[in-house]
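To start, the structure under review is shown below, and the notes come after it.
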Amino acid sequence: MRSDRDGLSVIVQVVARWILVLILVYGLGVAFFGHLTPGGGFAGGVVIACGFVLATLAFGGRTGPAAAFYRWVASLEALGAMTYLGMAALGWTAGHFMQAWTPRGDAFTLASAPFLVVVNLAILLKVGAGLFAGFMVLVLFDRSAGSLHDGKGEA
Amino acid sequence: MTFYALTFALFGVGLYGLLAKRNILKKVLGLIILDHAINLLLVAVGYRAGRGAPIRLPGDDTTAFVLGSVDPLPQALVLTSIVIGLGVTMLLVAMVVRLHQRYGTLDVDQMDRLKG
Amino acid sequence: MDAILIGLAAFLVLGSVAALEMTHLLSAVITIGVVGMGLSILFLLLGAPDIAITQVVVEVIVVTVMIRAATRTGHEEVGRPRSVRTVLAGLGAALILVGVALAAFAALPAFGAPRRSPSDWYLAEALRETGAANVVTSIVLDFRGYDTLGEATVILVAIAGTLVIARHLAGDRMVDGDPPGASAATSLTSSGEEAPRA
Chain A
233 MRSDRDGLSV IVQVVARWIL VLILVYGLGV AFFGHLTPGG GFAGGVVIAC
283 GFVLATLAFG GRTGPAAAFY RWVASLEALG AMTYLGMAAL GWTAGHFMQA
333 WTPRGDAFTL ASAPFLVVVN LAILLKVGAG LFAGFMVLVL FDRSAGSLHD
383 GKGEA
Chain B
5 MTFYALTFAL FGVGLYGLLA KRNILKKVLG LIILDHAINL LLVAVGYRAG
55 RGAPIRLPGD DTTAFVLGSV DPLPQALVLT SIVIGLGVTM LLVAMVVRLH
105 QRYGTLDVDQ MDRLKG
Chain C
116 MDAILIGLAA FLVLGSVAAL EMTHLLSAVI TIGVVGMGLS ILFLLLGAPD
166 IAITQVVVEV IVVTVMIRAA TRTGHEEVGR PRSVRTVLAG LGAALILVGV
216 ALAAFAALPA FGAPRRSPSD WYLAEALRET GAANVVTSIV LDFRGYDTLG
266 EATVILVAIA GTLVIARHLA GDRMVDGDPP GASAATSLTS SGEEAPRA
């Protein structure tokens, strides 16, 4: 019997592959331009996590792009946190902890505050990877489904 | 003032769900409603009638921008609060599934055996 | 405009009551999803577009996770209804809370009226001090960056707690490296530990 670890039908998988790319690009865009338009790191991070939720639902918890990314999820979350702390610590060179120390460009352009762009991306990594890890853990680890999933060892 | 009253009513509904429901999943729903109510109250305190979002456009005069924006400080607080609420909800759902695995039921009154 | 805001808030209250009182768990979870979407529209009308984006996406994830919990653990409400005394006690507590909160808030300025706060300084100086046109981002990441650091810590603790509980969900079989999903998860918390436990 097909367990729901295997994902959904072929039509859903084909559509999901395209939609996943769009969702990831949208999330990255929302976070990149967070200092100019509404959004920022948190909105971008949860959008990326939601894209991977879609990938998990469409392709199953063990195959597909979501499962492939799952190996790096701990490292990505730590990278996000360390980048945020590193940028804040480098603020000591300009005055005090957590001061925006990078040189500024023209206003209303992408380069108008590189500190904010990098910090937005760090928050995106932290939030997106963390929430995706939490969701995958709830999907992968379950033996209360009972007799539908025996055969191989359950985890 | 009516708006604040409705927000407090939402908080009261969430509190009622947390206290008076036997099904533990309904208690988690009550906590979600509490989160919504508090986030709504914070953003509502920062709302100024007739003004827009605090996004500055090129060519905005500073005084006009300050007089034409809602309060951005509660929005900053609520932004992190929503994401934290999601993380805590996932933790609670993991606990609910584990409790169901251990006791076989979602009824709080039947989860009374202490020994693991 | 005020009528729309009050109408949406009333919709939220009624939807939440309906979600709590439904006996079919799956329907209750989907109703909470609808309430969250209504809340996102309310945020947009209150002038908070960043929060509206975040709320929509977070609500989708919450509904997905709750649907999974509801279908894994049984669909229907359990057992006989609660005693009348408990329901009345819950309602009474909620009503007292609403009354006291209203009395406290009546002392503050009215809804929608302008008043002084540090936000005036933030709005005026954000572009010059941080180079950001989005004042909310500059507050979250620059003026109040420590709060964001605290939020990152809270998310980390919540996800770590979820992992710990989920290990108990899977039982002990995952430490011996059976299915491929299990080894991916052990590498999440014990990276570098390769030797199997005896």
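Residue numbers (my numbering), protein chains in the order written: chain A, 233 to 387; chain B, 5 to 120; chain C, 116 to 313. The beta-carbon is built from N, C-alpha and C at its ideal position, and this holds for glycine as well. Bear in mind that the values here come from a model prediction, so they are computed numbers and not experimental data.
Rounded to the nearest angstrom, what separates residue i and residue j at their Cα positions?
i                    : j                 : result
alanine 24(B)        : alanine 53(B)     : 37 Å
valine 112(B)        : serine 344(A)     : 55 Å
valine 305(A)        : alanine 263(A)    : 19 Å
alanine 310(A)       : aspartate 39(B)   : 27 Å
glycine 239(A)       : threonine 263(C)  : 36 Å
phenylalanine 7(B)   : alanine 275(A)    : 26 Å
tyrosine 107(B)      : leucine 372(A)    : 21 Å
leucine 66(B)        : isoleucine 119(C) : According to the sequence shown, residue 66(B) is threonine rather than leucine. Distance between the alpha carbons of threonine 66(B) and isoleucine 119(C): 30 Å.
phenylalanine 126(C) : threonine 277(C)  : 33 Å
phenylalanine 69(B)  : proline 233(C)    : 15 Å
glycine 378(A)       : valine 180(C)     : Confidence at glycine 378(A) is low in this model, with a pLDDT of 36, below 50, so its placement is unreliable and no value can be given for it.
lysine 31(B)         : alanine 239(C)    : 44 Å
isoleucine 254(C)    : arginine 60(B)    : 14 Å
alanine 222(C)       : valine 215(C)     : 12 Å
alanine 248(A)       : threonine 201(C)  : 47 Å
cysteine 282(A)      : isoleucine 28(B)  : 26 Å
leucine 140(C)       : leucine 33(B)     : 10 Å
valine 150(C)        : valine 279(C)     : 31 Å
alanine 13(B)        : valine 246(A)     : 45 Å
alanine 361(A)       : leucine 256(C)    : 19 Å
Under a CB-based cut-off of 7 Å, is residue i close to chain C?
i                 : result
valine 112(B)     : no
serine 344(A)     : yes
methionine 115(B) : no
leucine 348(A)    : yes
tyrosine 51(B)    : yes
alanine 313(A)    : yes
On the three-state DSSP scale, how would you describe residue i?
i                : result
aspartate 39(B)  : helix
arginine 187(C)  : helix
glycine 323(A)   : helix
aspartate 257(C) : helix
histidine 139(C) : strand
serine 73(B)     : strand
glycine 54(B)    : coil
aspartate 117(C) : helix
aspartate 65(B)  : coil
alanine 281(A)   : helix
glycine 272(A)   : coil
aspartate 116(B) : coil
alanine 265(C)   : It is glycine, not alanine, that sits at residue 265(C) in the sequence shown. It is helical.
glycine 227(C)   : strand
glycine 292(C)   : Low confidence applies here, because glycine 292(C) scores a pLDDT of 36, under 50, leaving its location unreliable; read the following figure in that light. Three-state result, glycine 292(C): coil.
For my contact list, residue i and residue j are in at a C-beta cut-off of 8 Å; report their separation, rounded to the angstrom.
i                 : j                 : result
isoleucine 270(C) : valine 351(A)     : Their Cβ separation, rounded to whole angstroms, is 16 Å, which puts isoleucine 270(C) and valine 351(A) out of contact at 8 Å.
isoleucine 145(C) : valine 178(C)     : 7 Å
leucine 370(A)    : glycine 277(A)    : Not confirmed; about 18 Å, so no contact.
leucine 363(A)    : isoleucine 176(C) : 7 Å
tyrosine 316(A)   : alanine 354(A)    : 4 Å
alanine 287(A)    : leucine 252(A)    : 5 Å
Looking at chain A, is there any beta carbon in it that lies within less than 7 Å of the beta carbon of residue i?
i                : result
alanine 98(B)    : yes
leucine 278(C)   : yes
proline 76(B)    : no
alanine 281(C)   : yes
proline 58(B)    : no
aspartate 287(C) : Unreliable positioning characterises aspartate 287(C) in this predicted model, as indicated by a pLDDT of 47, which lies under 50. A coordinate reading is not provided.
Does residue i come within less than 7 Å of chain B when only Cβ atoms are used?
i              : result
valine 359(A)  : yes
leucine 129(C) : no
glycine 366(A) : yes
leucine 356(A) : no
Going along the segment 249 to 280 of chain A in order, which residues come within less than 8 Å of chain C, judged by CB to CB distance?
Correct list: Val262, Gly266, His267, Leu268, Thr269, Pro270, Gly271, Gly272, Gly273, Phe274, Ala275, Val278 and Val279.
Within 8 Å of chain C by C-beta, residues of the segment 17 to 48 of chain B in sequence order:
Listed by position along the chain: Val17, Gly18, Leu19, Tyr20, Gly21, Leu23, Ala24, Lys25, Arg26, Asn27, Leu29, Lys30, Val32, Leu33, Gly34, Ile36, Ile37, His40, Asn43, Leu44, Val47 and Ala48.
Select from the segment 254 to 274 of chain C all residues with a C-beta closer than 7 Å to any C-beta belonging to chain B, and list them in chain order.
Within the segment 254 to 274 of chain C, the residues whose Cβ lies closer than 7 Å to some Cβ of chain B are Ile254, Val255, Arg259, Asp262, Thr263, Glu266, Val269, Ile270, Ala273 and Ile274, listed in chain order.
Taking a Cβ distance cut-off of 7 Å, strictly less, list which residues of the segment 141 to 171 of chain C are near chain A, in chain order.
So the list reads Pro164, Asp165, Ile168 and Thr169, given in the order they occur along the chain.
Could you please tell me which residues of the segment 76 to 96 of chain B, in chain order, have their CB closer than 9 Å to any CB of chain A?
Against chain A - using a Cβ distance shorter than 9 Å - the residues of the segment 76 to 96 of chain B are Leu83, Thr84, Ile86, Val87, Leu90, Gly91, Met94 and Leu95.
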